[in-house]
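Here the structure is laid out as structure tokens; the discussion comes afterwards.
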Amino acid sequence: MTSAELSRRFETLFGSKPRIFCAPGRVNLLGEHTDYNDGFVMPCAIGFSTRVAIASRTDRKLVVQSEEFSERREFDLDNLPAHGQGVWSDYVVGVGVMLQQMGVKTAAANLLVRGEVPIGAGLSSSAAIEVASALALMSLDGAKLPLPEVAKLCQRAENLFIGARVGIMDQFVSCLGKAGHALLLDCRSLEFRLIPVPESVRLVICNTMVKHEHASGAYNQRREECDQGVKILRQWYPDILALRDVSVEQLEQHKEQMPATIYKRCLHVVAENCRVQEGARFLTVGEVNRFGDLMRESHRSLRELFEVSCRELDVVVELAETLEGYCGGRMTGGGFGGCTVNLVKKNDAQRFASQIAERYQAATAIKPDVYICSAADGAGVG
Ligand code: GLA
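Heads up: the sequence shown at position 345 corresponds to 326 in this note's numbering, and the numbers run straight through without jumps.
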């Protein structure tokens, strides 16, 4: 649905002309489960976005309608719920609540949401709706936050209102992604550098169709295990604040003094941070095969050390090795299902996409969705 179509639909539903804001989903090329450890990530925004159309109302209501769920929900702006209720509108309301907590007097509004980021696929449909809603609500509230602050606001909505302890990566790249580039983000300082993705490759995203569930505990549990690792390591390195501050050598020195699981989680994060730094150097000089090898290593580490992969993701990653034009790939996002991201030579991308789909279906009896993507721009108007 185009912006113009969404605008017409809004007028039919609410009888006024809206302003429209949009925010993209993302795919992460390298640096998984590092963001909440103050580490490094390298995501791109992708061409799937969520659009939010908005216009003001004269009462004190927030009326939110979704095109996907064909459902309308109404809220009293002076009495918004304190926590999410496990429904799609939580992402919009959560952002509104966070704005109010910042002292912004939120205006009454009608909102129409139209998302095209596949839901539950690990492509950050939640960040997309949060960021688009934040821009929409702020346009009426006169709040003018810089984009990195918008990203933090949306992360807070997800942490405090929805109850998923996610890091900053998804919201940040949804706000600040740039066409043709990956974003090398330092999740501690929020400094970032744009890394060009060579024109010679495409990002082929293969959706295993296995739904992941962040709030379902496994993600939060990984976070706790990382925190535990930091606590243990502080006995010898009192100055460390997060796994970001630990080197592989430091970790190895105390391997025997840590529970095996905690050690494995820490090793993944510490080595993954190094891979991101190295990967940024390779991508910058167009070394796509060497970058691809780091993606392979990342996948192995997520499977064996961090233990967030699943059979279907591993199947796609193995099948990809047999196909022409493949430079490397891995699971992307939180894990436990969702997508793999494959770096594929441009001229082979189409064939790669159809062959991986065929072979995955033959191996698992599940028909996957496969998308050929390029890095896209972050959030904005329209
Ligand atoms: C999810 C979270 C991110 C990040 C990834 C894992 O996508 O939303 O903050 O932690 O998982 O890298």
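Built from N, CA and C at the ideal position, the CB exists for glycine as well.
A heavy atom of ligand 1 is found nearer than 8 Å to the CB of residue 105. If the five residues before and after residue 57 are omitted, its C-beta is found closer than 6 Å to no C-beta atom of its own chain. Counting C-beta pairs closer than 8 Å gives fewer than three between the segment 58 to 67 and the segment 0 to 11, which falls short of the contact rule. For residue 254, the Cβ stays outside the 8 Å cut-off from all heavy atoms of ligand 1. For residue 353, the closest of 185, 27 and 37 by C-alpha to C-alpha distance is 185. Using a 10 angstroms sphere on the CB of residue 240, the tally of other CB atoms stays under 16, which defines it as exposed.
Rounded to the nearest angstrom, the gap between the Cα atoms of residue 28 and residue 221 is 38 Å.
Taking C-beta atoms under 8 Å as the contact rule, residue 42 and residue 89 qualify, at a distance of about 5 Å.
Excluding residues up to 5 positions away in sequence, -13, -9, -1, 1 and 93 lie with their Cβ nearer than 6 Å to the Cβ of residue 34 in the same chain. Out of 17, 30, 268 and 13, the CA that lies nearest to the CA of residue 24 is found in 13.
Residue 345 holds the alpha-carbon nearest to the alpha-carbon of residue 300 among 261, 264, 267 and 345.
Separation of the CB atoms of residue 357 and residue 5 is rounded to 6 Å, and the pair is thereby assigned contact status at 8 Å. Going down the chain, each residue whose beta-carbon is closer than 5 Å to a heavy atom of ligand 1 shows up: 13, 14, 16, 147, 148, 150, 151, 314 and 315. DSSP places residue 47 in the strand class (E or B) of the three-state scheme.
Look at the beta carbons and you see the segment 249 to 269 touching the segment 281 to 294: at least three pairs across the two are nearer than 8 Å. Beta bridge pairing from DSSP links residue 72 with no other residue. Contact annotation: residue 155 and residue 135 have beta-carbon atoms nearer than 9 Å.
Annotation for residue 129: the continuous alpha helix (DSSP H) segment containing it runs 128 to 137. Residue 145 sits away from residue 218, with the two beta carbons spaced by 9 Å or more. Judged by DSSP secondary structure, residue 162 falls within the beta strand (DSSP E) whose first and last residues are 162 to 167. The beta carbon of residue 79 is closer than 6 Å to those of 134, 137 and 138 in its chain, skipping five residues each way along the sequence.
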